[in-house]
Amino acid sequence: MLVIDDLSASFRRYNGLFRQDFITRLSNITLTIQAGEIVALVGHSGAGKSLLAHAILGLLPANAIATGTVSFEGQLLNQHNLVEHRGRNIALLPQQTSYLDPTANVGALVRWAALRGGKPLEIKNRLNRVGLSDDVAQLFPHQLSGGMARRVLMAQATSGGAKLLIADEPTAGLDPANRDIVLKHLRAHADNGGAALLITHDLIPVLSYADRIAMLKDGQLCCVAPTSSFSGTGEMLASPYAKSLWRALPQNDFYAYA
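Numbering follows UniProt numbering, in which position 210 of the sequence shown is assigned residue number 210; successive positions increment by one, without gaps.
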């Protein structure tokens with residue numbers, strides 16, 4: 001469904017009056033996501049996870065220079081067709097709940113998302129699917145708890161019928177119950193023929209939902225492996241970095257792999 005081929009992203013900045021420097025933040029990223037699949041993109045803060053999501057969607061700032069290609073269902077994504085794909089075929093589930101329009105209630109937010117995708121409104125059903133009651137439709141973003149706001153974002157992202165969901169830290173700050181609601185919804189989306197790129201720094205919870213784990217370190221992919229490889233002592237992991245992170249988790253006795 002999604003093919004990322006040799007994608008790099010650099011940023012231009014001025015050093016003095018006339019000299020320009022280029023800072024590379026993503027280097028030679030190659031990754032595929034198939035229909036029916038969740039790929040979890042794991043990495044430390046600042047590794048470039050959100051930047052990759054924005055690069056896929058063509059949302060980089062004006063001083064960014066991107067090379068390589070991104071294709072969706074065999075069609076090369078570019079500045080001319082990205083607007084058509086965003087929301088209709090590819091939807092972003094953003095990290096910040098501030099993406100919710102503070103001037104509109106939840107019902108309106110979900111309604112707009114469905115209309116953009118040409119889908120039936122079904123506002124109450126869409127809220128119920130993410131564990132929210134009907135009366136939440138009347139609330140405004142400032143009246144929502146953090147968990148409720150993230151589930152509203154999920155309802156928005158899925159209302160337009162997008163095939164590919166790019167979920168940027170969708171479970172950050174959530175308790176286990178709300179976290180699992182979001183992850184189960186992503187899993188159901190993939191099982192119904194969609195796909196998801198799940199961006200997270202929290203490896204353990206996503207192992208029960210993702211098909212593959214892609215690890216990003218300082219803007220470079222260092223590991224792409226099935227979730228089954230993250231078990232035992234990590235003996236099935238070819239990447240020393242991935243093995244080191246796995247062994248250093250509390251569940252693995254904080255062992256530092258050398």
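The C-beta atom is built at its ideal place from N, Cα and C for all residues, glycine as well.
Report the rounded CA-to-CA distance for residue i versus residue j, giving the unit in angstroms.
i, j, result
"Ala157", "Thr103", "19 Å"
"Ile213", "Ala40", "5 Å"
"Thr30", "Met215", "12 Å"
"Asp191", "His85", "21 Å"
"Ala91", "Ser231", "32 Å"
Does DSSP put residue i in a helix, a strand or coil?
i, result
"Lys217", "strand"
"Ala177", "helix"
"Asn128", "helix"
"Ser71", "strand"
"Arg116", "helix"
"Ser239", "coil"
"Ala157", "helix"
"Tyr209", "coil"
"Ser27", "strand"
"Pro226", "strand"
"Tyr252", "Note that residue 252 corresponds to Asn in the displayed sequence, not to Tyr. Three-state DSSP puts Asn252 in a helix."
"Ser8", "strand"
Where does residue i land, buried or exposed, given buried means 16+ other C-beta within 10 angstroms?
i, result
"Asp202", "exposed"
"Ala258", "Here the model assigns Ala258 a pLDDT of 49, short of 50, so the residue's position is not dependable, and the following value carries that caveat. The residue in question, Ala258, is exposed, as its Cβ has fewer than 16 Cβ neighbours within 10 Å."
"Asp21", "exposed"
"Tyr209", "buried"
Taking C-alpha atoms, which residue in the options lies nearest to residue i?
i, options, result
"Ala66", "Phe72, Leu57 and Gly74", "Leu57"
"Val206", "Leu17, Glu37, Phe11 and Pro61", "Glu37"
"Ser159", "Phe140, Asn78, Asn128 and Ala172", "Asn128"
Stretch pair the segment 174-188 + the segment 145-155: three plus CB contacts closer than 8 Å: Judged by Cβ distances under 8 Å, the segment 174-188 makes contact with the segment 145-155, as three or more pairs qualify.
Stretch pair the segment 47-57 + the segment 82-100: three plus CB contacts closer than 8 Å: Because the criterion of three Cβ pairs below 8 Å is met, the segment 47-57 and the segment 82-100 touch.
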